[in-house]
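From first to last, the protein sequence lines are chains A and B.
Numbered according to the UniProt record's numbering, the first sequence spans residues 1 to 430.
Numbered according to the UniProt record's numbering, the second sequence spans residues 1 to 375.
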Amino acid sequence: MACSATAKILQPLSIRSAEKSQSCSKMLSPSSFLGSTPLPKKLFSVNKTISPLARRSATIVAVSSDVVKEKKLKSTQNLLITKEEGLVLYEDMYLGRAFEDMCAQMYYRGKMFGFVHLYNGQEAVSTGFIKLLKKEDCVVSTYRDHVHALSKGVPARQVMSELFGKTTGCCRGQGGSMHMFSKEHNVLGGFAFIGEGIPVATGAAFTSKYKREVFKEDCDEVTLAFFGDGTCNNGQFFECLNMATLWKLPIVFVVENNLWAIGMSHLRSTSDPQIWKKGPAFGMPGVHVDGMDVLKVREVAKEAVSRARRGEGPTLVECETYRFRGHSLADPDELRDPAEKAHYATRDPITALKKYVIENKLASEAELKAIEKKIDEEVEEAVEFADKSPVPERSQLLENVFADPKGFGIGPDGKYRCEDPKFTQGTAQV
Amino acid sequence: MVDVSSNKLKMCKITNTSLSFRLNIKSAPHPPPPPPPPPTAAASTTNIASKRHELLLFEALREGLEEEMDRDPRVCVMGEDVGHYGGSYKVTKGFATKFGDLRVLDTPIAENSFTGMAIGAAMTGLRPIVEGMNMGFLLLAFNQISNNCGMLHYTSGGQFKIPIVIRGPGGVGRQLGAEHSQRLESYFQSIPGIQMVACSTPYNAKGLMKAAIRSDNPVILFEHVLLYNLKERIPDEEYVLNLEEAEMVRPGEHVTILTYSRMRYHVMQAAKTLVNKGYDPEVIDIRSLKPFDLHTIGNSVKKTHRVVIVEECMRTGGIGASLTASINENFHDYLDAPIVCLSSQDVPTPYAGTLEEWTVVQPAQIVAAVEQLCR
Chain A
1 MACSATAKIL QPLSIRSAEK SQSCSKMLSP SSFLGSTPLP KKLFSVNKTI
51 SPLARRSATI VAVSSDVVKE KKLKSTQNLL ITKEEGLVLY EDMYLGRAFE
101 DMCAQMYYRG KMFGFVHLYN GQEAVSTGFI KLLKKEDCVV STYRDHVHAL
151 SKGVPARQVM SELFGKTTGC CRGQGGSMHM FSKEHNVLGG FAFIGEGIPV
201 ATGAAFTSKY KREVFKEDCD EVTLAFFGDG TCNNGQFFEC LNMATLWKLP
251 IVFVVENNLW AIGMSHLRST SDPQIWKKGP AFGMPGVHVD GMDVLKVREV
301 AKEAVSRARR GEGPTLVECE TYRFRGHSLA DPDELRDPAE KAHYATRDPI
351 TALKKYVIEN KLASEAELKA IEKKIDEEVE EAVEFADKSP VPERSQLLEN
401 VFADPKGFGI GPDGKYRCED PKFTQGTAQV
Chain B
1 MVDVSSNKLK MCKITNTSLS FRLNIKSAPH PPPPPPPPPT AAASTTNIAS
51 KRHELLLFEA LREGLEEEMD RDPRVCVMGE DVGHYGGSYK VTKGFATKFG
101 DLRVLDTPIA ENSFTGMAIG AAMTGLRPIV EGMNMGFLLL AFNQISNNCG
151 MLHYTSGGQF KIPIVIRGPG GVGRQLGAEH SQRLESYFQS IPGIQMVACS
201 TPYNAKGLMK AAIRSDNPVI LFEHVLLYNL KERIPDEEYV LNLEEAEMVR
251 PGEHVTILTY SRMRYHVMQA AKTLVNKGYD PEVIDIRSLK PFDLHTIGNS
301 VKKTHRVVIV EECMRTGGIG ASLTASINEN FHDYLDAPIV CLSSQDVPTP
351 YAGTLEEWTV VQPAQIVAAV EQLCR
């Protein structure tokens with residue numbers, strides 16, 4: 001039916017096509033995205049009253065992932081990762097999981113408050129992408145941002161302190177769970193409203209291009225924008241896809257499609273649930289990948305990030321993933337089908353990587369256990385550090401509102417308000 | 001869209017004195033050479049001996065912008081039609097040829113996203129200026145302006161600064177209809193972390209533009225559609241004004257009249273009438289809408305003990321409302337009478353010319369209010 005129509009949705013930019021194929025429908029860019037999904041999976045439908053239309057699978061075909069499968073079966077010389085890489089990936093994913101589990105504990109013990117959104121189950125996306133980046137590359141996330149910050153290199157103790165609301169937190173306790181920022185590690189947040197970070201990420205990518213073309217610097221910094229399936233119905237998403245392609249910005253749009261926006265199933269809210277298709281509509285490659293498999297994500301990420309670095313423009317990557325916990329710690333998570341949860345639990349990315357590493361003799365069980373122990377200790381130490389850290393003083397209240405505190409204006413006495421001694425005490429009238 | 005790029009001065013029907021304007025309030029339609037102003041008058045006329053050149057307000061904005069873009073390569077402009085078109089009010093005319101398409105970026109019509117993009121660029125080292133083709137369009141960018149522009153420096157614990165300037169024409173024009181005649185200063189004033197300034201003369205337009213660009217804070221610069229063709233002689237020498245200071249337009253003894261932007265000219269016209277009737281009003285252009293310059297304002301209140309605020313915002317929740325509260329809080333003891341706040345009617349601006357005239361404050365109303373107050 002729609003095959004011919006969709007066949008016209010060309011991805012106009014040429015990508016290296018190592019895997020040439022004969023089929024007409026393989027003209028789309030995914031052909032060079034190793035690890036990307038062949039036939040888009042039938043999205044796991046929970047609500048049986050959803051009409052068959054919602055469950056239709058597309059007639060678009062991405063390239064086969066036989067490349068990946070084959071590589072898996074071949075000898076160890078053709079493995080996707082080296083031992084070091086494997087251990088790095090494992091450690092990072094385990095850190096994400098251990099940290100989030102600790103957050104849940106601390107929340108229920110009353111150490112942190114507000115809205116806390118945990119990332120359990122989605123670690124493959126964060127690790128798969130962010131571990132490929134340099135320190136200068138930027139990451140922009142949403143409210144589910146703890147693990148993105150950790151993967152980018154923000155120390156666990158700083159993130160935990162921030163969650164506890166202490167001054168030693170990465171944002172001095174002023175941001176909280178949903179606003180993790182780090183100038184040192186180029187984590188540009190942490191945004192509470194969905195879609196809000198995408199333009200900011202586009203701006204960071206714009207700066208990278210500006211540095212290259214106006215300052216004539218040798219700048220190949222890339223920005224990654226992480227957001228969810230719900231965001232893909234938001235105007236800012238589409239506006240930024242347009243602008244990013246228009247100006248060939250070095251950005252990768254990473255969709256963490258975990259099928260649920262709080263209690264709204266992706267299938268119930270989206271007319272065409274296949275998000276990766278929206279990339280070619282704006283002239284950029286759209287790729288779908290199994291977000292529970294860190295190796296596949298990493299392969300796709302390599303190509304997407306290299307594309308951006310080479311100046312070829314943006315990519316839209318849809319990672320099919322799943323969150324094992326509720327939307328936030330306040331969400332009772334009663335709506336999702338236990339069968340669905342059980343299904344994805346069997347695809348736990350950490351277990352999968354562990355299996356891969358051990359089966360391919362990249363590392364022993366003991367080495368992995370040692371990593372786990374190290375991480376557990378690190379997370380415990382982070383909690384201790386956060387516990388011992390001081391709460392913000394009143395004097396911190398008025399700081400950081402303005403980069404230039406003259407912005408508080410001139411008081412009746414003719415002096416700037418920020419010169420008032422009470423200002424540093426946090427009690428000045430501003 | 002009203003064509004302001006040409007010199008069709010009849011569009012600027014504010015007052016006769018607004019055109020070929022000298023900042024000496026005693027000038028009349030075809031005046032003899034005005035007497036030299038007292039030293040404390042409008043800052044631009046204090047240094048008459050220095051070399052000056054004459055230009056229109058939009059050209060002054062352009063000059064300020066160009067000087068800053070020459071000075072700092074990080075400064076860039078983003079907005080609709082700012083590049084090849086030269087800006088819908090010609091503020092960036094010629095810039096695309098001079099600075100290139102990336103420094104003067106023509107954006108698609110996506111205010112929320114390109115404002116957010118400017119914020120992301122500011123966080124990563126650039127100094128962008130976002131032009132709203134009409135200030136009202138920035139309502140679409142309210143999300144980014146409130147959440148990111150204003151708050152991000154604080155939520156990041158001071159790690160990222162947002163040295164962005166958001167500017168554009170607003171205010172009631174000449175029969176532009178309700179949606180093109182909005183006064184966004186009243187909506188934005190509560191956002192913590194931003195500064196707001198309003199320019200009213202070519203001199204302060206250029207000075208405030210430069211100051212806003214150099215400031216590390218996010219600044220919203222409010223221009224007015226009807227003021228773009230004001231002419232004035234401004235100094236050749238480089239100058240930067242202070243973002244937080246108000247401007248003493250006309251010192252006086254009887255009453256303090258606080259105003260900004262276009263209403264300054266209605267006030268000055270009313271001031272002429274008042275002077276003829278024997279009153280001595282002190283006129284202050286507050287310029288800084290957020291924060292208020294309570295020093296200049298306070299000194300004036302302490303002198304005259306009577307305040308009239310004349311603004312173009314709606315009565316409800318406007319700048320005047322905040323200013324009234326602020327003065328009452330800080331200078332209550334110095335007031336001999338309640339503060340009079342003259343604002344626009346709480347009405348969507350009608351298209352019909354007569355109705356539109358009645359929604360904004362007219363000089364006659366200002367005169368009546370002062371007479372009433374000073375009885």
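Glycine included, each C-beta is placed from N, C-alpha and C at the ideal position.
Under 7 Å between C-beta atoms of residue i and residue j
{"i": "serine 181 of chain B", "j": "histidine 224 of chain B", "result": "no"}
{"i": "tyrosine 137 of chain B", "j": "valine 91 of chain B", "result": "For the sequence presented, residue 137 of chain B should be read as phenylalanine rather than tyrosine. Taking 7 Å as the Cβ cut-off, phenylalanine 137 of chain B and valine 91 of chain B do not qualify as a contacting pair."}
{"i": "leucine 373 of chain B", "j": "asparagine 330 of chain B", "result": "no"}
{"i": "isoleucine 194 of chain A", "j": "alanine 225 of chain A", "result": "no"}
{"i": "histidine 185 of chain A", "j": "valine 154 of chain A", "result": "yes"}
{"i": "valine 197 of chain B", "j": "arginine 287 of chain B", "result": "yes"}
{"i": "methionine 78 of chain B", "j": "proline 128 of chain B", "result": "yes"}
{"i": "residue 432 of chain A", "j": "glycine 283 of chain A", "result": "This structure cannot speak to residue 432 of chain A, because chain A is shown only from 1 to 430."}
{"i": "histidine 288 of chain A", "j": "aspartate 229 of chain A", "result": "no"}
{"i": "phenylalanine 99 of chain A", "j": "alanine 156 of chain A", "result": "yes"}
{"i": "alanine 403 of chain A", "j": "aspartate 216 of chain B", "result": "yes"}
{"i": "glycine 83 of chain B", "j": "alanine 96 of chain B", "result": "yes"}
{"i": "glycine 426 of chain A", "j": "serine 389 of chain A", "result": "no"}
{"i": "serine 50 of chain B", "j": "proline 235 of chain B", "result": "yes"}
{"i": "threonine 127 of chain A", "j": "methionine 106 of chain A", "result": "no"}
Interface partners of residue i on chain B, CB under 8 Å
{"i": "leucine 188 of chain A", "result": "Gly120, Met123, Thr124, Phe160"}
{"i": "cysteine 171 of chain A", "result": "Thr155, Ser156, Gly157, Gln159"}
{"i": "glutamate 196 of chain A", "result": "Gly116, Asn143, Gln144, Asn147, Asn148"}
Residue i: first and last residue of the uninterrupted beta strand (DSSP E) it sits in
{"i": "arginine 233 of chain B", "result": "231–235"}
{"i": "leucine 55 of chain B", "result": "52–56"}
{"i": "histidine 224 of chain B", "result": "219–224"}
{"i": "isoleucine 129 of chain B", "result": "127–131"}
{"i": "asparagine 134 of chain B", "result": "First-last for asparagine 134 of chain B: undefined, no H or E at that position."}
Partner residues on chain A for residue i, Cβ-Cβ distance less than 8 Å
{"i": "asparagine 112 of chain B", "result": "Pro199, Gly235, Gln236, Glu239"}
{"i": "glycine 79 of chain B", "result": "Neighbours of glycine 79 of chain B on chain A: none; closest Cβ ~13 Å, over 8 Å."}
{"i": "methionine 117 of chain B", "result": "Pro199, Val200, Thr202, Gly203, Phe206, Cys240, Met243"}
{"i": "leucine 65 of chain B", "result": "What leucine 65 of chain B touches in chain A: nothing, since even the nearest Cβ is about 16 Å away."}
{"i": "asparagine 134 of chain B", "result": "Per Cβ cutoff of 8 Å: no residues; asparagine 134 of chain B is ~19 Å from chain A at best."}
Run of the alpha helix (DSSP H) containing residue i, from where it starts to where it stops
{"i": "glycine 175 of chain A", "result": "Premise fails: glycine 175 of chain A is in no alpha helix (DSSP H) and is neither H nor E."}
{"i": "alanine 201 of chain A", "result": "197–213"}
{"i": "methionine 106 of chain A", "result": "83–108"}
{"i": "glutamine 195 of chain B", "result": "Glutamine 195 of chain B -> not in any alpha helix (DSSP H); beta strand (DSSP E) instead, spanning 195–198."}
Amino acids of chain A, ordered along the chain, whose beta-carbon sits closer than 9 Å to that of residue i
{"i": "asparagine 328 of chain B", "result": "Going along chain A, no residue has its Cβ under 9 Å from asparagine 328 of chain B, so there is no contact; the nearest lies around 13 Å."}
Chain A residues whose Cβ lies nearer than 7 Å to that of residue i
{"i": "proline 73 of chain B", "result": "Val214, Phe215"}
{"i": "asparagine 217 of chain B", "result": "Phe402, Ala403, Asp404, Gly407"}
Cβ of residue i within 7 Å of any chain D Cβ
{"i": "leucine 139 of chain B", "result": "The chain inventory of the structure shown lacks chain D, comprising the protein chains A and B."}
Residue i CB to nearest heavy atom of the ligand NAD below 6 Å
{"i": "arginine 323 of chain A", "result": "Only the bare structure without any ligand can be found here, which leaves the ligand NAD out of the picture."}
Chain B residues whose Cβ lies nearer than 9 Å to that of residue i
{"i": "cysteine 219 of chain A", "result": "By Cβ distance, chain B contributes nothing, its closest Cβ being about 11 Å from cysteine 219 of chain A, past 9 Å."}
{"i": "glycine 175 of chain A", "result": "Tyr154, Thr155, Ser156, Gly157"}
Within 8 Å of chain A by C-beta, residues of the segment 150–182 of chain B in sequence order: Leu152, His153, Tyr154, Thr155, Ser156, Gly157, Gly158, Gln159, Phe160, Lys161, Ile162, Pro163
Under 8 Å (Cβ pairs) to chain A, residues found in the segment 245–263 of chain B: Glu245
Interface positions of the segment 188–215 of chain B facing chain A (Cβ-Cβ less than 9 Å), listed along the chain: Pro192, Gly193, Ile194, Gln195, Ser215
Sufficient close CB pairs (3 or more, under 8 Å) joining the segment 168–179 of chain A to the segment 107–127 of chain A: yes
The segment 116–123 of chain B in contact with the segment 159–176 of chain A per 3-pair CB rule at 8 Å: no
contact_flag[the segment 292–310 of chain B, the segment 399–416 of chain A] where n(CB pairs < 8 Å) is 3 or more: yes
Residues, ordered as in the chain, of the segment 269–299 of chain B that lie near chain A by beta-carbon distance below 9 Å: Ser288, Lys290, Pro291, Phe292, Asp293, Leu294, His295, Thr296, Ile297, Gly298, Asn299
Cβ pair count under 8 Å reaching 3, the segment 318–337 of chain A against the segment 254–272 of chain A: Using a Cβ-Cβ distance cut-off of 8 Å, the segment 318–337 of chain A and the segment 254–272 of chain A are in contact, since at least three pairs of beta carbons, one from each stretch, lie closer than that value.
Under 8 Å (Cβ pairs) to chain B, residues found in the segment 149–161 of chain A: none
Within 8 Å of chain B by C-beta, residues of the segment 385–413 of chain A in sequence order: Glu399, Asn400, Val401, Phe402, Ala403, Asp404, Lys406, Gly407, Phe408, Gly409, Ile410, Gly411, Pro412, Asp413
Meets three-Cβ-pair contact criterion under 8 Å: the segment 101–117 of chain B and the segment 154–161 of chain B: When C-beta atoms of the segment 101–117 of chain B are compared with those of the segment 154–161 of chain B, fewer than three pairs fall below 8 Å, so the two segments do not count as touching.
At least three beta-carbon pairs within less than 8 Å, the segment 377–394 of chain A to the segment 252–268 of chain B: no
Stretch-stretch touch, CB-based, cutoff 8 Å, three pairs: the segment 131–150 of chain B with the segment 174–190 of chain B: yes
Cβ contact (3+ pairs, closer than 8 Å) linking the segment 366–376 of chain A and the segment 393–408 of chain A: no
Contact residues within the segment 306–329 of chain B, judged by C-beta distance below 8 Å to chain A: none
Chain-ordered residues of the segment 114–133 of chain A with a beta carbon less than 8 Å from chain B: Result list empty, no residue passes.
Against chain A: residues of the segment 92–104 of chain B by CB proximity under 8 Å: From the segment 92–104 of chain B, only Gly100, Leu102, Arg103 have a Cβ closer than 8 Å to chain A.
At least three beta-carbon pairs within less than 8 Å, the segment 341–352 of chain B to the segment 268–283 of chain B: no
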